[in-house]
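Student: Residue numbers are given in our numbering: position 318 of the sequence shown equals residue 300, and the series is strictly consecutive.
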Amino acid sequence: QSKHLAVLRRKNWTMRTVRRLSLAFAVLFSVLLIDVSPGSYAESQLTLLGHTGGPTLSVVTQDAYAYVAMGHKLAIIDVSDPRRPVRLSALVMPAYDLAVQGDWVYVVSQTGLHIVDVAERGAPQIAGNLALSSAALGIAVDGEWAYIANERDGLRIVNVNDPHQPRLMRSIDTGMAWDVALGDSYAVVAGSYSGVTVVDVSDPANPRVLAHLDSAHRDLAVGVSGGYAYLAGDSAGLRIFDMANPANPQQVATLQGPGSTCGLAVDGDRVYVRGESAGVWAVDVSQPARPQIVAAQQMPGLSMGLDIDGERLYVTDGEGSLHILDASEPAQLTVLSSLPSPGAVWAVTVRGQTAFLSAHWGGDFVIADVADPAHPAVFAAMDMPGHVWQIAVAGAHAYLADWDGYLHIVDVARPAVPALVGRLSFAGEGYGVALAGDVAYVAAGSGGLLVVDVADPAHPHTLAVYETAGDVHDVALTGDLALVAAGQDGLHVVDVGDPLAPRRIARIDTPGSSWRVAVDGDTVLVADWEGGVRVIDIARPEDPIEVAAVTEVGISRDVSLIGDLAVVAQDAHGLLLLDLSQPSTPEIMAHFDTPDAAYGVDGTNGRVYVADRLGGLFVLTLDIHKVLR
């Protein structure tokens, strides 16, 4: 039996944080249409075209298919040729851990249990759901019974005889439950710091606790095979228990590998262990009391799910990719192929048929082909030293504002092979960037607004610094003006006609925290965080006037202008479409709920691209009809 646990941890992000931030998906496709005034867009709709999915958390395989949990997507992959895996289909749904049995895939997430009919791999359908009181982190299935590790509520036993109507039958309080694996007539529950619990499930309708082992370790993953239980968790390494007497399990060995452990898969006398920062190890357990590491393979990412199927090991890296390894040689693991996707997406900028993303955990620059909006595909990815917050593209170069105080300049003339050509380090935090010819304007947080000469991309240098009382989060340009979102210090209108001497010509306060800014002609939109969207007229730049505000929104994180329309990314509340044909009376046109949190948005050519964090990249079509009455 193969088991795993994907633990998301990078730059202070943990699985617990991810669960708190994740949202229900049930209303993903809901679209709210609102009547508007005569002469405006009387009909509009945001319709999903395609999506990438989020971080790859876990994988299970059966026959020639791999089923991958991608945060808010279940993907089905044809792996009949392990060197050339092919995406077949996907469902937008929350997904943390998986089990497969026959034509059914059992998916658990923060919303409970979901049973998916995969008889037609190209057209999977959700057959049944069961809501649970806390996040479900692990699952094992045997016949008509599903066993669920239910975070704060222990082991849940569910009858799945009718996949359309799963029924919760019993609950066992084991404390916190992170993973579960099955022996001949017992279940072993790994409970993080709650210890390990062994439950008699010979009669699933009447389970009883056989044993409980306190643990000073964080037990995150468990597998059972051949009368032994294998536990992985943090610095505890791999621990092996003899389960000959399930009521009295005996630890027979501990194996410390090159790093902390967070997941495992068991196959006969081999255990494959995920080290959080040290790749995958193959462990020979033919003598369980004397386990030995016989092979290792360094892998990207810091968290993985594992599954072994014959001679193939399937690995998800917690970021966006599925890796297939050849495990046929006892002392060697060889990567056969990798199927990439961007994983978590924080920001998006689109030029033509190419999307430029801040992805994974904010440390990677990802380039995706969106020529086929139904199937956005990754061209390439580059790891950056910090957190990429925003991206601007001009000509053959992409300019990356990095929160750790960098401006990265990347040659993207050939999107499949991007190359770093220059980098500027500065005091402050890189939040945003805009280009005007050979000058880049960098929103540098506490470092103010930087004016940077990028005429020689290999050697960018600072020309001037414009200081504000608040942290500078974004900048937009129109003519000789820079519109500077300065957080608690509102919106600044800055004359940059002379890049060497930027000067403030006006400032207007906003009630929230100016976060992002967009401009078209004399109209400026400010995504003002909890202050909603502010509409500001700069016909007289020295005297900007707020002419309207839309406050019926959640947190306003980003805004993009498409002609007379604006699309607002509003964090956990998805997208909002506004009609600005009359800027003083903006009208809410439509709402689209995304599964996680809309952090960034870009609109172009009738399409809307959404950086939905754990939901990944969403591509929507914007259908509008202007009716003059």
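Just so you know, even glycine gets a beta-carbon here, dropped at the ideal spot from N, CA and C.
Do you know offhand how far proline 231's Cα is from glycine 209's?
Tutor: Those two C-alpha atoms are separated by around 10 Å.
Student: When the Cα atoms are used, what is the spatial distance from tryptophan 617 to valine 183?
Tutor: Any answer about residue 617 is impossible in this case: the structure gives the chain only from -17 up to 611.
Student: Per DSSP, leucine 195 forms a beta bridge with which residues?
Tutor: DSSP, once it has assigned bridges, lists Val178 as partnering leucine 195.
Student: Quick one: using the 10 Å Cβ neighbour count with 16 as the cut-off for buried, is arginine 522 buried or exposed?
Tutor: Burial call: exposed.
Student: How many whole angstroms separate the CB atoms of tyrosine 88 and alanine 51, which I take to be in contact at a CB cut-off of 8 Å?
Tutor: The Cβ separation is near 11 Å, so there is no contact.
Student: For glutamine 147, which residues from the same chain have a beta carbon less than 7 Å from its beta carbon, with the 5 sequence-adjacent residues on both sides left out?
Tutor: These residues qualify, in order along the chain: Gly110.
Student: Do you know offhand how far leucine 465's Cα is from glutamate 102's?
Tutor: So the alpha carbons of these two residues sit roughly 52 Å apart.
Student: Determine, using beta carbons only, whether isoleucine 290 and alanine 247 come nearer to each other than 7 Å.
Tutor: Result yes, Cβ atoms of isoleucine 290 and alanine 247 sit closer than 7 Å.
Student: Can you list, in chain order, the stretches of the beta strand (DSSP E) that have 3 or more residues and sit fully within the stretch 428 to 480?
Tutor: If we require 3 residues or more, the beta strand (DSSP E) runs fully inside the stretch 428 to 480 come out as 431 to 435, 443 to 448, 456 to 460, 463 to 467 and 473 to 477.
Student: CA-CA distance, serine 340 and valine 348?
Tutor: Rounded to whole angstroms, serine 340 to valine 348 spans 6 Å at the Cα level.
Student: If I measure Cβ to Cβ from glycine 412 and keep anything under 7 Å in the same chain, skipping five residues before and after, which residues do I get?
Tutor: Excluding sequence neighbours, glycine 412 sits near Trp371, Ala383, Asp384, Trp385, Gly387, Tyr388, Leu389, Val424 and Ala426.
Student: Tyrosine 581 to alanine 467, Cα distance in whole Å?
Tutor: Cα to Cα, tyrosine 581 sits roughly 16 Å from alanine 467.
Student: Take valine 74 as the anchor and find which of Leu95, Thr38 and His33 has the nearest alpha-carbon.
Tutor: Comparing Cα positions, the closest option is His33.
Student: State whether the stretch 251 to 271 contacts the stretch 37 to 50, with contact taken as three or more CB pairs (one from each stretch) at a distance under 8 Å.
Tutor: No, the stretch 251 to 271 does not touch the stretch 37 to 50.
Student: What did DSSP end up calling glutamine 83 once you bin it into helix, strand or coil?
Tutor: In this structure, glutamine 83 counts as strand in the three-state DSSP scheme.
Student: I'd like to confirm the pairing. Which residues does DSSP put opposite arginine 66 in its beta bridges?
Tutor: Bridge partners of arginine 66: none, in fact.
Student: Mind checking who glutamate 569 pairs with in its DSSP beta bridge?
Tutor: Asp561, per the DSSP bridge assignment.
Student: Please state whether the Cβ-Cβ distance between leucine 213 and valine 204 is less than 7 Å.
Tutor: Cβ atoms of leucine 213 and valine 204: closer than 7 Å.
Student: Measuring only the C-alpha atoms, how far is valine 601 from glycine 177?
Tutor: Those two C-alpha atoms are separated by around 43 Å.
Student: Please state whether DSSP places valine 262 in a helix, a strand or coil.
Tutor: Correct three-state label for valine 262: strand.
Student: Glutamate 512 and isoleucine 490: beta carbons closer than 7 Å?
Tutor: No, they are not a contact pair.
Student: Measure the alpha-carbon distance for serine 167 versus arginine 138 and round it to whole angstroms.
Tutor: Spanning the two alpha carbons is a distance of roughly 16 Å.
Student: Assign valine 348 to one of three DSSP states: helix, strand, or coil.
Tutor: Valine 348: strand per DSSP, three-state reduction.
Student: Flag this pair as yes or no: are the beta carbons of threonine 576 and valine 592 separated by less than 7 Å?
Tutor: Yes, Cβ-Cβ distance for threonine 576 and valine 592 is below 7 Å.
Student: Thinking C-beta only, is isoleucine 391 closer than 7 Å to valine 639?
Tutor: Residue 639 lies beyond the range of the chain shown here (-17 to 611); nothing can be said about it.
Student: Rounding to the nearest angstrom, what Cα-Cα distance links leucine 630 and isoleucine 520 in this structure?
Tutor: This structure gives no information on residue 630, because the portion of the chain shown stretches from -17 to 611.
Student: Please report the distance separating the alpha-carbon of isoleucine 570 from that of arginine 333.
Tutor: Distance between the alpha carbons of isoleucine 570 and arginine 333 is about 27 Å.
Student: Do histidine 199 and alanine 218 have their CB atoms nearer than 7 Å?
Tutor: Yes; because the gap between Cβ atoms is below 7 Å, this pair is in contact.
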